[in-house]
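Chemist: Sharing a structure below in structure tokens format, with a few things to ask.
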Amino acid sequence: MIVAERKPLEQISSMIESNSNVLIVGCGECVTVCSAGGKKEVEILASAINMLRSKEGKPIEIRQETLERQCDAEYLEQLRGFIGEYEVVISMACGAGVQFMAEKYKNSLVLPALNTKFIGVTEEQGVWSERCHACGDCKLHLTGGVCPIARCSKSLLNGPCGGSTNGKCEISPDVVCGWQLIIERLSDLGQLEKYEEIIPINDWSTNRDGGPRKVVREDLRL
Amino acid sequence: MKSESRLEQILTKGEFAVTSECGPPRGADAEVIRKKGEVLKGFVDGVNVTDNQTSVVRMSSISSCVILKGLGLNPIMQMVTRDRNRIAIQSDILGAAALGINNILCLTGDHQKFGDHASAKNVFDMDSIQLVQTVKLMRDEGKFLGGEELKGSPKMFIGAAENPFADPFEIRVPRLAKKIAAGVDFIQTQCIYNLPKFEKWMKLVRDRGLHERVHILGGVTPFKSVGMANYMKKSVPGMDVPDELIERMKAAPKEKKAEEGINICIETIKRLREIEGIHGVHIMAIEWEEMVPEIVKRAGLFPRPHIEG
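Chains as they are written, first to last, in the numbering used here: chain A, 1 to 222; chain B, 1001 to 1309.
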């Protein structure tokens, strides 16, 4: 899923300082799962803003909505009837959702409430970590199912570097060395000989380096 | 000969090579690098010039190399893949070769988190092994990575670093094999303090015959103080400092700590010379370059062999 984290309340409230009403829109997909921007988080943010504004003597009218998801036009359409009544809209979706809402409602000011962090997994309750950089050319078959691009701090395709110590990355003892994981996996799978194959210099054109990306499936187009 | 490097000539003749290191200044004063160079002149066969080591901004490796070359030294240009993409890397290799630099040490580079610009964007378009392949492709096949032919190939003697003490230990020899397969000519190792572990690594290297396919120079760094020894042990990633060396430094009288550090270093060099497959020593006297001549002399490695031409 896409993992996100809510911005600090002060930053969000400073974006809407001069407004007297706001529509806060949550998203029912990834950001609900990672407890950053679902229905519950919309309620929490709304009540925090309410409290802050009451304390400041500048009450604000807040409407709360949570859509199935914000990355599909059909769900965004559900806001059509009333979005124009609000001076400002706060989207609690990932960066894609915020932008798509802004695209669909050209006259509305749409602001982000979250910082979109990464594509990752729930390691345990309350802990999420990164697994994929969306490089556009998956290499997991070469590296025992552990991604060197996302899991190595330097995205080395022929790691580890000399900074790997006790299975940890040189940047922090809290970061696991991705290449340590790759080697352990290859070893467990009886494929350690694969380690000696040099992975050639990468074609980054499928990554963000190639410009904004798009997938077109002619077979699915209407 | 692959290059006109004095280091290549020394190693090809079967002489025990001596290289050292020179960190460029944090400013534009060429005099700093000249002073360091003058100290080393005549005592080493090559001088590594670091490339923004520990991600702290310094004078560029290429320009410092040119200054040292002007003094008659044989600079080894370190190049990290942290800060340049393949366009800049190939361009700098051509430029360095045009300026008479004929050694390159291919490194990945410390993460920018260590330095004074932690908010920088890193590049890592390639890794150190792919950099070795890149230089070899340019030198031996006269081609760019993009496939086009280049005119005037860079005659570089290609080096890389290897850390026998980093984890996981089981891939340290396969990793050397990868660097050799990529086309490396010489290896400088991480600082060696744990000699038994290093000897174990070298045995594994010899078991695979790798010592006959690459020149390995053992790395040494003298301790200046107990504090430095402790710092190397605890804070430098991938460093293996046995407790007994820390104890030796502690036991030395206050005014003789530095001397004890030098003694340990010289003993290490003497032991390294006994190891089959070790073709030289790389002395990294960090901000202590003035000690290199004494180390070289006391280790019995002076004068350096004369090279024709």
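Even for Gly, the Cβ is constructed at its ideal location relative to N, Cα and C.
It should be emphasised that the depicted structure is a prediction, and the values quoted were computed from it without experimental measurement.
For Val-127 (chain A), count neighbouring C-beta atoms within 10 Å of its own C-beta (all shown protein chains included) and say buried if the count is 16 or more, exposed if not.
Modeler: The residue is exposed, with fewer than 16 neighbouring Cβ atoms inside 10 Å.
Chemist: Have a look at Gly-1277 (chain B) and Thr-1268 (chain B) and give me their C-alpha separation to the nearest angstrom.
Modeler: 15 Å
Chemist: Cutting at 6 Å between CB atoms, please list the residues of its own chain near Glu-29 (chain A), excluding the five before and the five after it.
Modeler: Arg-69
Chemist: Given a cut-off of 8 Å, decide if Gly-144 (chain A) and Asp-1167 (chain B) are closer than it, judged by their beta-carbon atoms.
Modeler: Their beta carbons are not under 8 Å apart, which means Asp-1167 (chain B) does not touch Gly-144 (chain A) by this criterion.
Chemist: Helix or strand or just coil, what does DSSP make of Phe-1114 (chain B)?
Modeler: Helix at Phe-1114 (chain B).
Chemist: For Pro-112 (chain A), name the three-state secondary structure that DSSP assigns.
Modeler: It is a strand residue.
Chemist: Suppose the cutoff is 7 Å on Cβ atoms and the five residues either side in sequence are ignored; what does the same chain contact list for Ile-1129 (chain B) look like?
Modeler: Lys-1178, Lys-1179, Ala-1182
Chemist: Could you tell me whether any Cβ in chain B is nearer than 8 Å to the Cβ of Glu-130 (chain A)?
Modeler: no
Chemist: Starting from Pro-148 (chain A), follow the beta strand (DSSP E) in both directions and report where the run begins and ends.
Modeler: Careful: Pro-148 (chain A) lies outside any beta strand (DSSP E), inside the alpha helix (DSSP H) at 148-151.
Chemist: Check whether the Cβ of Val-1057 (chain B) sits closer than 7 Å to any heavy atom of the ligand SAH, and report yes or no.
Modeler: Ligands in the displayed structure: none, and consequently the ligand SAH is not present.
Chemist: Return the first residue and the last residue of the alpha helix (DSSP H) that Trp-179 (chain A) is part of.
Modeler: 178-188
Chemist: For Thr-1221 (chain B), which of helix, strand or coil comes out of DSSP?
Modeler: coil
Chemist: Do Leu-114 (chain A) and Lys-7 (chain A) count as a contact pair if the criterion is CB distance below 8 Å?
Modeler: yes
Chemist: Going along the region 1116-1130 of chain B in order, which residues come within less than 9 Å of chain A, judged by CB to CB distance?
Modeler: Closer than 9 Å at the C-beta level to chain A, one finds these residues of the region 1116-1130 of chain B: Asn-1122, Phe-1124, Asp-1125, Met-1126, Asp-1127, Ser-1128, Ile-1129, Gln-1130.
Chemist: Report the start-end ranges of each beta strand (DSSP E) in the region 1204-1276 of chain B that is 3 residues or longer and not cut off at the edges.
Modeler: 1215-1220
Chemist: Quick one: which chain B residues come within Cβ less than 9 Å of Gly-145 (chain A)?
Modeler: Those do not exist, as Gly-145 (chain A) stays about 17 Å from chain B at its closest Cβ, beyond 9 Å.
Chemist: Would the region 60-68 of chain A and the region 131-139 of chain A be scored as touching if the rule is three or more Cβ pairs under 8 Å?
Modeler: no
Chemist: Got a sec: is the Cβ-Cβ distance from Ile-1246 (chain B) to anything in chain A below 8 Å?
Modeler: no
Chemist: Would you identify the three-state DSSP class for Phe-118 (chain A), choosing helix, strand or coil?
Modeler: strand
Chemist: Report the CB separation of Thr-1134 (chain B) from Gln-1090 (chain B) in whole angstroms; it is logged as a contact under 8 Å.
Modeler: 7 Å
Chemist: Any idea what DSSP makes of Leu-9 (chain A), helix, strand or coil?
Modeler: helix
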